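In terms of our numbering, the sequence shown is residues 1 to 181.
All residues carry an ideal CB built from backbone N, CA and C; glycine is no exception.
Every value quoted in this text rests on a predicted model; they were computed, and no experiment measured them.
To start, the structure itself, in C-alpha coordinates.
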Amino acid sequence: MAIKATIFKAALQIADMDRHYYADHALTLARHPSETDERMMVRLLAFALYARESLAFGKGLSSDDEPDLWQKDLTGAIERWIEVGLPDERAIRKASGRAAQAVIISYGRAANIWWNENRDKLQRLDNLTVLNLPVETTLALAALASRNMQLQCTLQEGHIMMTSDAGMIEIEPKVLHGSFR
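Set out below in C-alpha coordinates:
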(Lines of atoms letter the chains of each structure in order from A; the text may use other names.)
(Lines give C-alpha, C1' and ligand atoms only; values in the text may rest on other atoms or scores of the structure.)
Protein backbone atom coordinates (compact mmCIF):
# COMPACT_ATOMS: atom_id res chain seq x y z
CA MET A 1 0.00 0.00 0.00
CA ALA A 2 1.35 3.41 -0.96
CA ILE A 3 2.10 5.97 1.71
CA LYS A 4 -0.21 8.96 1.42
CA ALA A 5 0.72 12.61 1.53
CA THR A 6 0.74 14.37 4.89
CA ILE A 7 -1.56 17.39 5.04
CA PHE A 8 -0.35 20.66 6.53
CA LYS A 9 -2.49 23.76 7.09
CA ALA A 10 -0.97 27.23 7.02
CA ALA A 11 -2.61 30.52 7.88
CA LEU A 12 -0.27 32.89 6.06
CA GLN A 13 -0.45 36.67 6.47
CA ILE A 14 1.49 38.49 3.77
CA ALA A 15 2.57 42.14 3.90
CA ASP A 16 4.50 42.80 0.67
CA MET A 17 5.55 46.44 0.87
CA ASP A 18 7.26 46.38 -2.55
CA ARG A 19 4.17 45.20 -4.49
CA HIS A 20 1.58 46.70 -2.12
CA TYR A 21 0.05 43.27 -1.66
CA TYR A 22 -1.54 42.62 1.73
CA ALA A 23 -3.58 39.46 2.20
CA ASP A 24 -4.35 36.51 4.42
CA HIS A 25 -4.22 33.06 2.83
CA ALA A 26 -5.55 29.82 4.30
CA LEU A 27 -3.37 27.22 2.58
CA THR A 28 -3.44 23.46 2.51
CA LEU A 29 -0.12 21.84 1.62
CA ALA A 30 0.16 18.16 0.78
CA ARG A 31 3.66 16.97 1.66
CA HIS A 32 4.62 14.06 -0.58
CA PRO A 33 6.09 11.10 1.40
CA SER A 34 9.52 11.76 -0.16
CA GLU A 35 9.38 15.51 0.48
CA THR A 36 11.20 17.05 3.44
CA ASP A 37 9.92 19.79 5.73
CA GLU A 38 12.66 21.97 4.24
CA ARG A 39 11.34 21.61 0.69
CA MET A 40 7.73 22.08 1.76
CA MET A 41 8.61 25.30 3.60
CA VAL A 42 10.55 26.59 0.56
CA ARG A 43 7.36 25.99 -1.46
CA LEU A 44 5.46 28.01 1.14
CA LEU A 45 8.05 30.79 0.95
CA ALA A 46 7.74 30.76 -2.86
CA PHE A 47 4.00 31.27 -2.44
CA ALA A 48 4.64 34.26 -0.17
CA LEU A 49 7.13 35.79 -2.63
CA TYR A 50 4.77 35.64 -5.63
CA ALA A 51 1.36 35.61 -3.90
CA ARG A 52 -1.69 36.45 -5.96
CA GLU A 53 -5.24 35.17 -5.80
CA SER A 54 -4.55 33.14 -8.96
CA LEU A 55 -1.33 31.50 -7.64
CA ALA A 56 -1.84 27.82 -6.82
CA PHE A 57 0.19 24.82 -5.77
CA GLY A 58 0.73 22.23 -8.49
CA LYS A 59 1.07 18.50 -8.06
CA GLY A 60 4.81 19.05 -7.55
CA LEU A 61 6.74 15.83 -6.96
CA SER A 62 3.73 13.77 -8.05
CA SER A 63 3.80 15.10 -11.63
CA ASP A 64 6.44 16.02 -14.19
CA ASP A 65 3.95 18.17 -16.12
CA GLU A 66 3.11 20.56 -13.30
CA PRO A 67 5.33 22.91 -11.34
CA ASP A 68 5.46 23.35 -7.59
CA LEU A 69 3.39 26.52 -8.03
CA TRP A 70 1.82 28.26 -10.97
CA GLN A 71 -0.24 31.25 -11.84
CA LYS A 72 -2.67 31.16 -14.74
CA ASP A 73 -4.76 33.90 -16.31
CA LEU A 74 -8.48 33.60 -16.95
CA THR A 75 -7.88 31.92 -20.32
CA GLY A 76 -5.73 29.21 -18.73
CA ALA A 77 -2.45 30.59 -20.10
CA ILE A 78 0.43 30.12 -17.67
CA GLU A 79 1.71 33.48 -16.44
CA ARG A 80 4.25 32.17 -13.93
CA TRP A 81 5.80 28.70 -13.45
CA ILE A 82 7.67 28.24 -10.15
CA GLU A 83 9.95 25.33 -9.28
CA VAL A 84 11.85 24.81 -6.03
CA GLY A 85 15.02 22.77 -5.69
CA LEU A 86 17.47 21.86 -8.43
CA PRO A 87 15.39 20.99 -11.51
CA ASP A 88 16.75 19.51 -14.72
CA GLU A 89 17.89 22.12 -17.25
CA ARG A 90 15.70 20.63 -20.01
CA ALA A 91 12.62 20.88 -17.79
CA ILE A 92 13.43 24.53 -17.10
CA ARG A 93 13.70 25.29 -20.81
CA LYS A 94 10.34 23.58 -21.38
CA ALA A 95 8.74 25.58 -18.53
CA SER A 96 10.24 28.79 -19.91
CA GLY A 97 8.58 28.06 -23.25
CA ARG A 98 5.19 27.33 -21.67
CA ALA A 99 5.00 30.30 -19.27
CA ALA A 100 5.39 34.05 -19.55
CA GLN A 101 7.82 33.85 -16.60
CA ALA A 102 9.66 30.91 -15.06
CA VAL A 103 11.14 31.04 -11.56
CA ILE A 104 13.56 28.63 -9.91
CA ILE A 105 14.17 28.89 -6.18
CA SER A 106 17.25 26.79 -5.57
CA TYR A 107 18.42 25.68 -2.15
CA GLY A 108 20.57 23.05 -0.50
CA ARG A 109 24.24 22.20 -0.25
CA ALA A 110 24.46 21.25 -3.94
CA ALA A 111 22.82 24.46 -5.24
CA ASN A 112 26.10 26.15 -6.18
CA ILE A 113 27.29 23.07 -8.06
CA TRP A 114 23.92 22.85 -9.86
CA TRP A 115 24.11 26.54 -10.85
CA ASN A 116 27.69 26.26 -12.12
CA GLU A 117 26.74 23.26 -14.27
CA ASN A 118 23.62 24.91 -15.75
CA ARG A 119 24.45 28.63 -15.75
CA ASP A 120 25.49 29.02 -19.39
CA LYS A 121 22.34 27.39 -20.78
CA LEU A 122 19.95 29.03 -18.31
CA GLN A 123 21.28 32.56 -18.75
CA ARG A 124 20.01 32.46 -22.35
CA LEU A 125 16.41 32.36 -21.11
CA ASP A 126 15.13 35.95 -20.90
CA ASN A 127 11.97 35.08 -18.97
CA LEU A 128 13.77 33.09 -16.24
CA THR A 129 14.56 34.17 -12.70
CA VAL A 130 16.84 32.01 -10.56
CA LEU A 131 17.05 32.68 -6.82
CA ASN A 132 19.17 30.87 -4.26
CA LEU A 133 18.44 30.50 -0.57
CA PRO A 134 21.25 29.95 1.93
CA VAL A 135 21.32 26.54 3.62
CA GLU A 136 21.00 28.08 7.10
CA THR A 137 17.83 29.87 5.99
CA THR A 138 16.07 26.81 4.63
CA LEU A 139 16.98 24.73 7.67
CA ALA A 140 15.56 27.47 9.91
CA LEU A 141 12.40 27.51 7.76
CA ALA A 142 12.06 23.75 8.18
CA ALA A 143 12.11 24.25 11.96
CA LEU A 144 8.94 26.37 11.64
CA ALA A 145 6.99 23.51 10.04
CA SER A 146 4.05 22.10 11.93
CA ARG A 147 0.75 20.52 10.92
CA ASN A 148 -1.13 23.75 11.73
CA MET A 149 0.99 26.84 11.13
CA GLN A 150 0.29 30.50 11.80
CA LEU A 151 2.84 32.50 9.78
CA GLN A 152 3.41 36.16 9.05
CA CYS A 153 5.59 37.14 6.10
CA THR A 154 6.81 40.69 5.56
CA LEU A 155 8.65 41.57 2.32
CA GLN A 156 10.46 44.84 1.78
CA GLU A 157 13.32 45.82 -0.54
CA GLY A 158 14.44 42.24 -1.17
CA HIS A 159 14.37 41.30 2.51
CA ILE A 160 11.91 38.78 3.88
CA MET A 161 10.94 38.22 7.48
CA MET A 162 8.98 35.06 8.29
CA THR A 163 7.52 34.89 11.79
CA SER A 164 5.59 32.24 13.70
CA ASP A 165 5.12 31.15 17.30
CA ALA A 166 8.28 29.06 16.83
CA GLY A 167 10.45 32.09 16.01
CA MET A 168 11.50 34.60 13.39
CA ILE A 169 13.73 34.18 10.35
CA GLU A 170 15.26 36.84 8.16
CA ILE A 171 15.68 35.72 4.56
CA GLU A 172 17.67 37.36 1.81
CA PRO A 173 17.52 35.40 -1.45
CA LYS A 174 20.49 35.74 -3.75
CA VAL A 175 19.56 36.54 -7.35
CA LEU A 176 21.56 34.31 -9.70
CA HIS A 177 19.73 35.29 -12.89
CA GLY A 178 16.93 37.69 -13.80
CA SER A 179 15.30 40.04 -11.35
CA PHE A 180 14.06 39.39 -7.84
CA ARG A 181 10.38 39.74 -8.68
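Here the alpha carbon of residue 43 sits roughly 10 Å from the alpha carbon of residue 37. Taking residue 100 as reference, the option from 109, 80, 137 with the minimal CA-CA separation is 80.
Runs of the beta strand (DSSP E) lying entirely within the region 29-97 and spanning at least 3 residues, in chain order: 55-57, 69-72, 78-84. For residue 154 and residue 85, the gap between their C-alpha atoms comes out near 23 Å.
The three-state reading of DSSP puts residue 155 in strand, counting E and B together. Three or more Cβ pairs closer than 8 Å define a contact, and the region 5-16 falls short of that threshold against the region 121-129. In summary, residue 47 is buried, with 16 or more beta-carbon neighbours lying within 10 Å of its beta-carbon over all protein chains present. Taken in chain order, the unbroken stretches of alpha helix (DSSP H) that lie wholly in the region 106-152 and span 4 residues or more are 111-122, 135-143. Pairing residue 50 with residue 78 gives a Cβ-Cβ distance that is not under 8 Å.
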